[in-house]
Structure formats: C-alpha cells, structure tokens
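Numbering-wise (UniProt numbering), the sequence shown opens with residue 7 and increments by one.
By construction, the Cβ of each residue, glycine as well, lies at the ideal position given by its N, Cα and C atoms.
Keep in mind it's a predicted model, so treat the numbers as computed, not measured.
Worksheet: one structure, shown below.
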Amino acid sequence: HLILLTGASGFVAAHILESLLRHGYDVRGTVRSEATADKVRKTHSHLLEGTQSRLTFAIVPDVASPGAFNDAVKDVDGVIHTASPFAVEVEDNERDLLQPAIKGTTEIIQAVHTYAPQVKRIVITSSFASILDTSLGDRPGYTYTEADWNPISYDEAKTADGPTAYCASKNFAERAAWDFVEEKNPNFTLATICPPMVYGPLQDDASIAHLNTSSADIYRLMNGTSKEPGHTGFPAFADVRDVAEAHVKAYEHPNSSRYLTTGGNFQYRDVCEIIKRVLPAYASKVPDPDATERVETFGVDNGHASRELGIGFRGLEECIGDAVRSLVALEERG
Ligand code: NDP
C-alpha cells in the first residue's frame with residue numbers, strides 16, 4: 007500500500023513518515039531536491055530493514071506550480087499532504103503564504119482526481135489556524151471546536167501581519183479542499199488535521215541553524231534570545247508524535263472529517279518553567295516564568311479527535327521536555 011507524503015522533509019512530516027513506515031506502509035515522499043531526498047532517506051534508513059525500496063521520492067520543486075504533482079500521484083493508493091509554507095515573517099503575504107498554501111492543496115487534489123482515480127483517501131495537514139478567529143484574540147470563556155472557521159477574508163489577509171496571514175493561508179487552503187470535494191464528488195474522501203502549535207522531538211536531520219518555525223518558538227526560550235516569556239499568541243499545543251499518529255489513524259478511518267488535534271492550552275510561562283526544570287544547565291538563560299502574567303484564554307476541545315481516532319494526547323511536560331532535549335542534542339551536533 008503506497009502513500010504519497012508531500013513535504014517529506016518537514017518537522018511534522020518526519021514523524022508521519024516514521025509512523026507510516028512502522029505501520030507497514032510504503033511511502034513516496036515529495037521533496038524539493040535530490041539532496042533533501044538523500045537526507046530524509048538516511049534519517050529513516052534504520053526503519054527500512056534492508057528493503058530500501060519501501061521509501062522512494064518524487065522531486066517537486068514547488069508545490070504551487072501547475073501540474074506539480076501530476077507524475078508524483080501515479081500509482082499511489084493514498085495521499086497525505088503536509089507541504090505548505092509555515093513562516094510568520096514574509097515579504098509578500100500573497101506570494102509567500104497564501105498562494106503556495108492554496109495552490110499546493112488544489113494541485114494535489116486535482117492531480118489525484120485526474121491521474122490517480124484509484125486513490126480513496128486524502129489526509130491534509132491543515133491547522134488550528136483555520137479554526138481560530140484571529141481577530142478575537144484571547145477570547146476567554148470560548149471553546150473552539152471543529153465547527154469553527156477562521157472568518158478572515160482574502161483581502162484582509164493580503165495586508166495582515168505575518169502570523170495572521172499564515173493562519174489565513176491554512177484556512178483558505180483547507181476550504182479549497184472541502185469545496186473541491188463538495189463540487190466534484192471525487193473518488194476519495196477527505197480528512198483534515200488541525201493542530202495548534204506543534205512541538206516535540208526534532209528529526210535527526212534537523213539543523214539548529216534552520217529550525218522549523220514552531221521549534222524555533224521553543225528554542226528562543228532556552229538560548230537567551232527572549233528575556234521574558236511574553237504573551238502567548240497561540241495558547242494551545244500538540245505533540246508532534248500525536249499529530250503524526252492522527253494523520254495515520256485518520257488515513258485509516260472512513261469518515262470525511264476535520265480533527266482538532268491538541269494536548270490542550272499552554273502559555274510560554276509554562277514552557278519556561280518546564281525548561282528550567284528539565285535542563286538545569288540552561289536555567290540562567292531561560293526567562294523567569296513569572297515575568298509574564300498568566301492570562302485567561304479560549305479553550306480547545308479535542309473530544310472529537312480523541313474519540314474518533316482513539317488518541318490519548320500527550321501533555322505539555324512530555325512534549326516540551328522531549329522537544330528541548332532534542333534541541334540540546336542538535337546543538338551538540340552543531
Ligand atoms: P516545516 O517547515 O518543517 O515543513 C514544511 C514542509 O513543506 C517542508 O517539507 C517544505 O519543504 C515544504 N514546502 C513548503 N513550501 C513549499 C513549496 N512551495 N514547495 C514545495 N515544498 C514546500 O513545517 P512543519 O513541519 O511545521 O509544517 C508542516 C505542515 O504542518 C504545514 O502544512 C503546516 O502549516 C502544518 N502545521 C504546522 C504546525 C506547527 O506548529 N509546526 C501547526 C499546525 C499546522 P523544504 O523543507 O524544502 O522547505
């Protein structure tokens with residue numbers, strides 16, 4: 007059973023790839039270059055047990071270019087689409103965030119519809135960003151569920167700040183996927199995974215100099231960059247291993263559904279407190295947790311994902327503890 011995993015070099019994708027291989031799936035990963043394919047292959051070679059052919063690659067330099075996936079989808083049984091830009095400081099919202107997110111999604115779906123009618127299931131990595139109403143801020147007393155949609159308009163997103171534009175990009179991409187399913191009634195069913203900030207252990211081929219955006223968000227609290235915890239813009243988290251498991255379980259589930267996958271709420275002051283405890287040698291560089299007051303925020307409901315996918319979400323302690331230990335290991339490797 008061959009699954010196409012787009013953006014196989016990413017932080018979240020590395021864990022999905024590991025889960026898929028452990029569950030016995032063959033995987034074709036899309037990456038932007040042969041050099042990246044080599045790195046990803048090396049990182050996962052211990053799971054291939056001499057059967058290197060279980061992991062192959064298709065080179066897709068830009069997911070948003072017309073026909074990007076037309077070859078990559080051929081002969082696959084299913085698709086997990088993770089590739090999408092996750093950056094919060096960009097030059098041009100439309101060029102750097104909105105268009106790649108939306109077109110990357112419509113390209114993979116259109117390619118499956120046209121060239122891979124055998125595919126029965128597509129799972130897309132969306133985000134809590136497509137659920138959250140960024141204009142309402144902390145929104146104390148409200149609990150977000152899969153029934154909520156980020157209401158931002160495309161015009162607003164074009165000129166919004168980076169984090170808001172990123173959230174919008176995920177929202178429009180996910181909407182485009184559901185619209186396609188509704189309009190075209192394709193052969194496949196769709197599931198979307200909507201995690202908030204994803205933290206946890208990094209893959210072996212990660213680099214401390216080029217951390218993915220969410221891992222960098224933790225690293226700045228242990229390397230002396232941040233002097234206080236600061237306001238937590240997105241006060242909910244998910245462990246990357248649970249997010250990976252959710253993708254595989256959702257792939258194996260027949261329902262068309264969105265899944266809000268989360269371990270619950272958190273604030274940066276909690277992260278600082280955990281880092282100080284887990285890494286005493288770093289304690290002097292970690293901001294004083296009490297330098298930023300705890301604020302009341304919205305809640306997040308993982309009930310649907312827990313019940314339907316059977317996932318017991320990890321707590322913050324385990325998630326951040328393993329994240330920072332792996333960041334130390336990356337630092338030591340240089
Ligand atoms: P990474 O930056 O580690 O991974 C992003 C992946 O997408 C990389 O493989 C990257 O390739 C690829 N990619 C991005 N833009 C393009 C493009 N235009 N053409 C080809 N490939 C592209 O981030 P994450 O692992 O964190 O993110 C993975 C997914 O999870 C994204 O869809 C993101 O929105 C979503 N997500 C992440 C959260 C988090 O906190 N980390 C929270 C919620 C959702 P390359 O490595 O070559 O740049």
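Looking only at its own chain, which residues have a Cβ that is under 7 Å from the Cβ of residue 201, when we skip the five neighbours before and after it? 133, 134, 244, 249, 267, 268
Integer Cβ distance of residue 315 from residue 225, believed to fall under 8 Å: That belief does not hold up - the Cβ atoms of residue 315 and residue 225 are roughly 29 Å apart, past 8 Å.
Helix, strand or coil for residue 66 per DSSP? Coil at residue 66, not helix or strand.
Taking C-alpha atoms, which residue in 47, 12, 7, 190 lies nearest to residue 120? 190
Decide if the segment 145-156 is in contact with the segment 81-91; the criterion is three or more beta carbon pairs, one per stretch, under 8 Å apart. The segment 145-156 vs the segment 81-91: no contact.
Say yes only if the C-beta of residue 89 is nearer than 7 Å to one or more non-hydrogen atoms of ligand 3, and no if none qualify. Only ligand 1 can be found as ligands here, which leaves ligand 3 out of the picture.
Report, in whole angstroms, the separation of the C-beta atoms of residue 46 and residue 14, which I expect to be a contact under 8 Å. 5 Å
Residues of its chain near residue 27, where Cβ-Cβ distance is below 6 Å and the 5 sequence neighbours each way are ignored: 53
Measure the C-alpha to C-alpha separation of residue 305 and residue 246 and round it to an integer number of angstroms. 20 Å
Provide the residue span of the beta strand (DSSP E) that contains residue 243, from first to last. 242-245
Here's the rule: buried if 16 or more other CB atoms are within 10 angstroms of the residue's CB, otherwise exposed. What is residue 146? exposed
Between residue 174 and residue 198, which are expected to be in contact by the criterion C-beta below 8 Å, what is the C-beta distance as a whole number of angstroms? With 8 Å as the limit, residue 174 and residue 198 do not qualify as a contact, their Cβ atoms being about 16 Å apart.
Cα separation between residue 288 and residue 279? 12 Å
In the DSSP assignment, what residue or residues form a beta bridge with residue 228? Bridge partners of residue 228: none, in fact.
Under 8 Å by Cβ, that's how I've got residue 81 and residue 74 pegged, so tell me the actual separation to the nearest angstrom. The C-beta separation of residue 81 from residue 74 comes to about 17 Å, leaving the pair out of contact by the 8 Å criterion.
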